[in-house]
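What follows is a single structure, written as structure tokens, with notes after it.
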Amino acid sequence: MDYFAQQLINGLVLGSIYGLIAIGYTMVYGIVGMINFAHGDIFMIGGFIALITFLILISMGLTAVPVILLVVLLVSMAITAVYGWAVERIAYRPLRHSFRLAPMLSAIGMSFVLSNFSQVTQGAQVKPIPPLITGGHSLYEKGDFVVRLSNVQIVVVITTVVLLAIFTWLVSRTRLGRDMRACEQDQTMAALLGVDVDRTISMTFVIGAALAAVAGIMYLLYYGLVDFYMGFVAGIKAFTAAVLGGIGSLPGAMLGGLAIGLIETFWSAYFSVEYKDVAAFSILIVVLIFMPTGLLGRPEVEKV
Amino acid sequence: MKSLKLIGLAVGASLALATSAFAQDITIAVAGPMTGGESAFGRQLKNGADQAIADLNAAGGVLGKKLALFVGDDACDPKQARSVAEKIASQGIPFVAGHYCSSSSIPASEAYADGNVLEITPASTNPLFTERKLWNVARVCGRDDQQGLVAADYIAKNFKGKNVAILNDKTTYGKGLADETKKALNKVGFTEKMFESYNKGDKDFTAIVSRMKRDNIDLVYVGGYHQESGLIVRQMRDQGMKTVLMAGDALADKEFASITGPAGAGTLFTFGPDPRKKATAKAIVDRFKAKGVDPEGYTLYTYAAMQVWAQAVAKAGTTDPMKVMKVIKAGAWDTVIGKMEFDEKGDIKQIDYVVYKWDDKGGYAEVDPGKGT
């Protein structure tokens, strides 16, 4: 039971990070109907900006961890959001009314551009930071086995829950959220009724990028390093999570992320580490056979 | 029209000049992971090669010609290694010092054999590299079967009756090293409690770390590279474990300590006796330090590989790879890391691995294998 509890903690934290990235995929898909393949690399950019901000703050002699975290969070979210906005402006908007595959191809192109950009400007090596949040709590001890919950894990889970609450509120209760839902249903009709479609889509990319930045910061804090190609694997996992949860659904993305994180962890815990990805993808296939729209997805209505 | 012809002549003449200047040089290559997760080691190889070429040229070059360097990047990827090797062979380069990852060196060596290129690896320790008896390969480092013996001997002496786990990353190097260590351990009657593999590039090891916590593992032996080893150490400390990590020569770079921070203290690895401390290396180490480079890990091994080749070429009077290889295997060579002789397969004859320990200041030092941790 104690061993199970420890693995549950491990899985929830990993799943939270996947979920945070998955939300960005799902929001863009919900509105524009395209997979933003550059999203994993936006996540990577967020991690790098966080790293640079950390190092600047530490070299300025700042030591108060909560202050550092808050500044890093704000700076990284703001700058990464600009990246998200620019990507939409440069690569997707000119192609929005083109044939369906065009924006997908430019998304893949954008992904290469971003990862090569950070390889050239930041170098090809992994960039580690010293552990910022240290320590933890022993939840309970039985014999030799101690269930540990580290402070970083607490920060990751709390940040995820708070952000999810804020963005769910944003989409369901605000003017912007209403515009987003309107564009999701029918862009032409929304435009006729006075919704600024371009602005709404831009805002979606900005919000998605800001969330990816948060995921990048959590990744940096938890694993202690970033590199220029980390966006690829994390992006694939998060995309899988979004599909598993039902692409287009916000809670679905979070649920999918948690599911993938837990499956990987428990498979490694009770079977073999070697086949954890196989296990995660097999379950994805099984779910999609019986629920083609994912766990919380709605069946797609063909727009005529 | 006339002026056009003149321009054409001028361009032609300058091209001819350029190619003749090129022909004066002998281009040799260094190949390894210049980008990607293992790029810290690619940098070691390149630093060693740069300095060797500078020093050889300062001493008058080889066969009266200057040396130039071609740098190949394989990103520790077997497919990319193969295509880099084909590129090097197609340019008629006679010699390459490389690669770093065994999984790159092995497929690349076949392309070199077909393309008439001599390959000396400064760092690839998988036995298979020389066991296939290709005519063109040699190495200036040890082999994993020897490395595994030393690691197993240390474990058996210092962790008697304790629980040991063995992990590997499924690469040619990592799996090979883990298998050799397991074999050597089992031979002395020591059975590991866990034998598992993970994927190279993984970042999250919390699940397997918790598993080791459940099984009360005292020492985990990792056949894998430094990035994953560093993350395993960090995540073990996060979960409140004191388990010691031991690995092979892939931990010989400061990047390991920058990933773990002070948590890396006490981590063990096997590597050749520190080449920086050899009397023969003093002057050359000082030259590296003057440039602000610490010639750690495989830097001096790369330097030595270039020295062996240059001396053999001088003796053979040609750069023809087949002839040079015959000379290399027949002679004895003075290098920065001591005298070297090669056997028929291309392995060096005198090898000795020792155990090192990382301290909390980001440095590593040799430990006495008998005394323990």
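Listed in order, the protein sequences are those of chains D and E.
The first sequence begins at 1 in this note's numbering and counts up by one.
The second sequence begins at 305 in this note's numbering and counts up by one.
Just so it is clear, CB atoms sit at the ideal spot from N, CA and C, and this is done for glycine as well.
Leaving out five residues on either side along the sequence, give the residues of the same chain with a beta carbon under 6 Å from the beta carbon of residue i.
i, result
"glycine 478(E)", "Asn472, Gly527 and Gly528"
"glutamine 153(D)", "Val13"
"glycine 568(E)", "Val537, Ala561 and Trp662"
"aspartate 2(D)", "Lys142, Phe145 and Val147"
"leucine 46(D)", "According to the sequence as given, residue 46(D) is glycine; it is not leucine. These residues qualify, in order along the chain: Ser76, Thr80, Ala212, Ala213 and Gly216."
Can you give the beta carbon distance from residue i to residue j, rounded, assuming they're within the 8 Å contact cut?
i, j, result
"valine 678(E)", "glycine 396(E)", "There is no way to answer for residue 678(E), as the model of chain E reaches only from 305 to 677."
"tryptophan 613(E)", "valine 628(E)", "7 Å"
"isoleucine 641(E)", "leucine 604(E)", "6 Å"
"proline 599(E)", "arginine 580(E)", "6 Å"
"valine 226(D)", "phenylalanine 48(D)", "6 Å"
"proline 382(E)", "serine 408(E)", "6 Å"
"alanine 280(D)", "glycine 257(D)", "With a Cβ gap of about 11 Å, alanine 280(D) and glycine 257(D) do not count as contacting."
"aspartate 448(E)", "leucine 489(E)", "Contact doesn't hold; Cβ gap of about 14 Å is too wide."
"alanine 269(D)", "serine 514(E)", "7 Å"
"valine 421(E)", "alanine 608(E)", "Actually they do not touch by this definition, with Cβ atoms about 19 Å apart."
"isoleucine 521(E)", "alanine 469(E)", "5 Å"
State the start and end residues of the unbroken alpha helix (DSSP H) segment that holds residue i.
i, result
"histidine 305(D)", "As shown, chain D starts at 1 and ends at 304. That puts residue 305(D) outside it, with no answer to give."
"glycine 261(D)", "250-270"
"glycine 527(E)", "Here glycine 527(E) belongs to no alpha helix (DSSP H); instead the beta strand (DSSP E) covers 523-527."
"leucine 69(D)", "65-87"
"isoleucine 9(D)", "2-32"
"leucine 349(E)", "343-362"
"phenylalanine 239(D)", "230-245"
"glycine 478(E)", "476-491"
"arginine 100(D)", "It is not in any alpha helix (DSSP H) - arginine 100(D) carries neither H nor E in the DSSP assignment."
"glutamate 600(E)", "Segment: none, glutamate 600(E) is in no alpha helix (DSSP H) and carries neither H nor E."
"aspartate 542(E)", "530-542"
"alanine 190(D)", "187-192"
"lysine 276(D)", "276-290"
"leucine 555(E)", "No alpha helix (DSSP H) contains leucine 555(E), which DSSP labels as neither H nor E."
Can you tell me which of the options puts its alpha carbon nearest to the alpha carbon of residue i?
i, options, result
"glutamate 683(E)", "Ala551(E), Glu600(E), Glu414(E) and Asp359(E)", "Here chain E covers residues 305 to 677 and nothing more, so residue 683(E) does not appear."
"aspartate 196(D)", "Ile79(D), Gly40(D), Cys183(D) and Ser59(D)", "Cys183(D)"
"isoleucine 563(E)", "Leu221(D), Met254(D) and Leu258(D)", "Leu221(D)"
"glutamine 187(D)", "Met1(D), Ala5(D) and Gly30(D)", "Gly30(D)"
"serine 150(D)", "Tyr502(E), Asp542(E) and Phe433(E)", "Asp542(E)"
"histidine 530(E)", "Phe573(E), Leu523(E) and Asp522(E)", "Phe573(E)"
"threonine 475(E)", "Lys504(E), Gly452(E) and Ala587(E)", "Lys504(E)"
"valine 524(E)", "Asp508(E), Lys507(E) and Met545(E)", "Met545(E)"
"glycine 224(D)", "Leu51(D), Ala78(D) and Val273(D)", "Leu51(D)"
"alanine 333(E)", "Gln355(E), Leu373(E) and Arg347(E)", "Leu373(E)"
"leucine 284(D)", "Val273(D), Arg298(D), Ala238(D) and Leu57(D)", "Ala238(D)"
"methionine 218(D)", "Val120(D), Tyr83(D), Ala209(D) and Thr160(D)", "Thr160(D)"
"glycine 279(E)", "Ala363(E), Ser533(E) and Cys380(E)", "For chain E, the structure presents residues 305 to 677; residue 279(E) sits outside this window and is missing."
"isoleucine 357(E)", "Ile588(E), Gly666(E) and Gly465(E)", "Ile588(E)"
"alanine 585(E)", "Thr606(E), Thr434(E), Lys487(E) and Ala620(E)", "Thr606(E)"
"threonine 293(D)", "Gly33(D), Leu164(D), Val243(D) and Gln185(D)", "Val243(D)"
"threonine 639(E)", "Gln654(E), Met610(E) and Val659(E)", "Met610(E)"
Grab the span of the beta strand (DSSP E) containing residue i for me, first residue to last.
i, result
"asparagine 440(E)", "Neither: asparagine 440(E) is in no beta strand (DSSP E) and is coded neither H nor E."
"aspartate 638(E)", "636-639"
"valine 659(E)", "658-662"
"aspartate 331(E)", "Before going on, a small fix: residue 331(E) reads as threonine here, not aspartate. Run containing threonine 331(E): 330-336, per the beta strand (DSSP E) assignment."
"leucine 295(D)", "Premise fails: leucine 295(D) is in no beta strand (DSSP E) and is neither H nor E."
"isoleucine 424(E)", "422-425"
Note down, in chain order, each residue of its chain lying with its Cβ closer than 8 Å to the Cβ of residue i, except the 5 sequence neighbours on either side.
i, result
"leucine 296(D)", "Gly245, Gly246, Ser249, Pro251, Gly252 and Leu255"
"phenylalanine 54(D)", "Ile68, Val72, Ile129, Leu132 and Leu220"
"alanine 91(D)", "Ala38, Pro103, Ser106, Ala107, Gly109 and Met110"
"threonine 623(E)", "Ile330, Val366, Leu367, Pro398, Phe399 and Val617"
"valine 633(E)", "Sequence inspection shows lysine at residue 633(E); the valine mentioned does not correspond to that position. Only Ala442, Phe646, Asp647, Glu648 and Gly650 meet the Cβ criterion."
"proline 625(E)", "Pro398, Phe399, Asn420, Val421, Leu422 and Asn440"
"leucine 95(D)", "Ala102, Pro103 and Ser106"
"aspartate 418(E)", "Ala393"
Once you ignore the five residues that flank residue i on each side, which residues in its own chain have a CB closer than 7 Å to its CB?
i, result
"threonine 265(D)", "Gln7, Asn10, Gly11 and Leu14"
"tyrosine 416(E)", "Ala389, Ala393, Val400, Glu423 and Asn440"
"methionine 305(E)", "Reliability of the predicted coordinates at methionine 305(E) is poor, the pLDDT of 47 falling under 50, and the value obtained from them is presented with this limitation in mind. Excluding positions up to five away in sequence, the list is empty."
"histidine 403(E)", "Ala335, Gly336, Asp378, Ala385, Ser409, Ala412, Thr425 and Ser428"
"methionine 180(D)", "Ile31, Val171, Thr200 and Thr204"
For the ligand PLP, is there a heavy atom less than 7 Å away from the beta-carbon of residue i?
i, result
"lysine 474(E)", "Among the ligands in the structure shown, none appear at all, so the ligand PLP cannot be discussed."
Would you call the region 202-212 of chain D and the region 100-108 of chain D in contact, with 3 or more CB pairs under 8 Å?
-> Segment contact: the region 202-212 of chain D against the region 100-108 of chain D, fewer than three CB-CB distances shorter than 8 Å; contact not assigned.
At a cut of 8 Å, does the region 9-22 of chain D reach the region 261-281 of chain D through at least three beta carbon pairs?
-> The way I'd put it, the region 9-22 of chain D does touch the region 261-281 of chain D; three or more beta-carbon pairs between them come closer than 8 Å.
The region 226-243 of chain D / the region 42-59 of chain D touching (three or more Cβ pairs under 8 Å) | With the cut-off at 8 Å, the region 226-243 of chain D and the region 42-59 of chain D touch.
Three or more C-beta pairs below 8 Å linking the region 453-470 of chain E and the region 487-502 of chain E | A contact exists between the region 453-470 of chain E and the region 487-502 of chain E.
Stretch pair the region 583-603 of chain E + the region 345-359 of chain E: three plus CB contacts closer than 8 Å | Segments in contact, yes.
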